[in-house]
C-alpha cells in the first residue's frame, strides 16, 4: 500500500492539476469539420432508410447550444428488426435485443439490404464519438484537459475520469485521430517513452519457465528493432513472408496474439475485430488464434495449463511485486481462468511504469528543477512536456530508470523491458521523430532541433 498507492498520490495530484494543453484553433477546426460531416451523414441516412428518421426527439436546450440531434438506439433497433425484419440479435452481456456495433456489423455482413444504412450508422457513431473528445465543455478556462485518477483494484492499472470540478474526462482513452490537438506547454516539446510490447514479453518469460525453449526467451528479450511479435503473428495467420505483411494483417496479428495469450475464444476475437471493421467468423478467428499459438508459441498452452493448476491448488496468484489476486470464492470457469492468465502481465507492467518511471521522474523533476511535467500516464507509456534544454536529461533519466530488470516465474527469469521514444510538437507526433533504439545525444538533439 505504501509503495504502490501512497507514493503515487503526489505524482498523480501533480499530473491532475497540470493537465494537458489543447490547441484551441485546431480543436475548433476539427469540431466544425466533424459537425459538418454529421449533417451529411444524417442526410444520407434519411435517404438510405427511405425517409425514416432515426434521430432522437429534438431537445430545445441542446439545439440552442449548437448541439446536433443524435441517432436514437431505440429507433435503430425498431428499424432493423421491425421495419426491415432481419433476425433479432441478442446481447450476450444483457440478454436484450441490441443494435450495438457488433450487431450492426453482423447485419451488414448477412443482410445486404440494410448494409448502406448500417454503414452510415456506424460512421455517424464514430464521428459523434470523435466530437465528444473535441467538446469545449471538457476543457477548463485555460484550454487544458484535466482528469482525476484511480486504481484498478486487481492490477493496479490507473483509470481516469472527470476532474473534481466536474470538467475533463478520461485522459487515457483519447482517440488517436484526435491527439493532434494536444500540444506541449509553451516553449516545450513532447517526449513519450513507451514500454515495448511489455505484456507479451512477460507472457513469453512465464511460458519459458514452464516449457523452456531458448528462442522464446530470446524473443522476450529482443530489442524492438530486432523483433516484431505482431508481424510474426500475422505471418503465422496468413502464411506470408515478413516483407509481405500488410498493416491490416499486422493489426489482426496483434489482436490474435493478445487473444491467444489470454485464452480468448474465436467468438471473443471476432467481436473485437468487428468493432475495428474487420469482419471474420468466430470459426475463422479460432483458426487465427490456433495459428498464432500452435505454429508460433505452443508453450503458451503449457503456461495456461500450469496457471489453471496453480489457482486450483492454491486459490491465488502473486506477481513479482507481491501483489496478490485471490480466487478463494471464485467459480472455476473460463472467465476466471482468463483473469488468471492476464493478471501477472497486466499487473506487472503498470508497476514498472509507476515505480520505475512516474515516481522517480516526478521526484527528479523537482530535485533537479527540470522544466518538465508529466501529462499522461498511458498504462505502458509516459507523455512528458519538457523544455528543449532539459529534454535529453529527462529522457535519459527516465529511460535508465525504466529499463531495470525484473524476475518472473518460479525460475526467477530476468527480463528488462526496453523503451521506445517519440518526440514532437503534438500528441500525434506529426512532423516528429520515433526511435526504436535509444538515440545518442547527437541524434536526439538533431531530432528536437527539427521541431518547428
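Residue numbers (our numbering): 42 to 493.
Here a beta-carbon is modelled for each residue, glycine too, at the ideal position from N, C-alpha and C.
Residue i beta carbon near the ligand ADP (any heavy atom closer than 7 Å)
i           : result
residue 153 : Within the structure as shown, the ligand ADP is missing, as the structure has no ligands at all.
Residue i at chain C interface by Cβ criterion, 8 Å
i           : result
residue 131 : Absence of chain C from the displayed structure is noted, only one protein chain being present.
Bridge partner(s) assigned by DSSP for residue i
i           : result
residue 475 : 463
residue 245 : Looking at the DSSP assignment, residue 245 forms no beta bridge with any residue, so it has no partner.
residue 211 : Answer is none; residue 211 lacks a bridge partner.
residue 223 : 63
residue 229 : 428
residue 151 : Looking at the DSSP assignment, residue 151 forms no beta bridge with any residue, so it has no partner.
residue 191 : 200
residue 455 : 448
residue 236 : 460
residue 185 : 62
residue 131 : 138
residue 415 : 425
residue 367 : 357
residue 161 : In the DSSP output, where bridge partners are listed per residue, residue 161 has none listed.
residue 96  : 112
Beta-carbon proximity check, residue i vs residue j, cutoff 8 Å
i           : j           : result
residue 257 : residue 249 : yes
residue 297 : residue 330 : yes
residue 189 : residue 202 : yes
residue 158 : residue 90  : yes
residue 243 : residue 71  : no
residue 347 : residue 251 : yes
residue 67  : residue 225 : no
residue 336 : residue 456 : no
residue 175 : residue 143 : no
residue 86  : residue 161 : yes
residue 267 : residue 238 : no
residue 345 : residue 306 : no
residue 333 : residue 284 : no
residue 302 : residue 59  : no
residue 124 : residue 93  : yes
residue 403 : residue 69  : no
Cβ shell of residue i (< 8 Å), same chain only, five flanking positions each side left out
i           : result
residue 170 : 216
residue 471 : 221 and 465
residue 499 : Given a span of 42 to 493 for the chain in the structure shown, any question on residue 499 remains unanswerable.
residue 487 : none
residue 99  : 110
residue 265 : 237, 238, 459, 461, 477 and 478
residue 172 : 72, 75, 76 and 79
residue 448 : 361, 454, 455 and 456
residue 15  : A question about residue 15 goes unanswered here, because the residues of the chain that appear run from 42 up to 493.
residue 282 : 276
residue 136 : none
residue 16  : The chain is shown only over 42 to 493; residue 16 falls outside these bounds and no answer can be derived.
Own chain, CB closer than 6 Å to residue i, minus 5 neighbours either side, in chain order
i           : result
residue 300 : 310 and 330
residue 405 : 438
residue 53  : 190
residue 424 : 233, 416 and 417
residue 356 : 368 and 369
residue 117 : 95 and 140
residue 229 : 426, 427 and 428
Between the CA atoms of residue j and residue i - distance to the nearest angstrom
i           : j           : result
residue 227 : residue 435 : 17 Å
residue 147 : residue 320 : 8 Å
residue 315 : residue 380 : 23 Å
residue 95  : residue 83  : 9 Å
residue 475 : residue 187 : 26 Å
residue 494 : residue 422 : Since the first residue of the chain shown is 42 and the last is 493, residue 494 is not available in this structure.
residue 481 : residue 433 : 10 Å
residue 387 : residue 49  : 18 Å
residue 255 : residue 276 : 21 Å
residue 204 : residue 62  : 15 Å
residue 350 : residue 401 : 38 Å
residue 31  : residue 292 : Outside the shown range of the chain (42 to 493) lies residue 31, about which nothing can therefore be said.
residue 110 : residue 76  : 11 Å
residue 485 : residue 444 : 18 Å
residue 313 : residue 294 : 13 Å
residue 371 : residue 184 : 46 Å
residue 479 : residue 247 : 26 Å
residue 454 : residue 318 : 39 Å
residue 151 : residue 122 : 14 Å
residue 290 : residue 272 : 8 Å
residue 65  : residue 323 : 44 Å
residue 396 : residue 442 : 9 Å
residue 35  : residue 253 : With the chain covering 42 to 493 only, the question about residue 35 has no answer from this structure.
residue 363 : residue 47  : 16 Å
Spatial neighbours of residue i in its chain, beta-carbon cut-off 7 Å, leaving aside the 5 residues before and after
i           : result
residue 378 : 304 and 349
Are the region 453 to 470 and the region 405 to 412 touching by the rule of at least three beta carbon pairs closer than 8 Å? no
Take every Cβ of the region 95 to 109, pair it with every Cβ of the region 124 to 133, and state whether three or more of those distances are shorter than 8 Å. no
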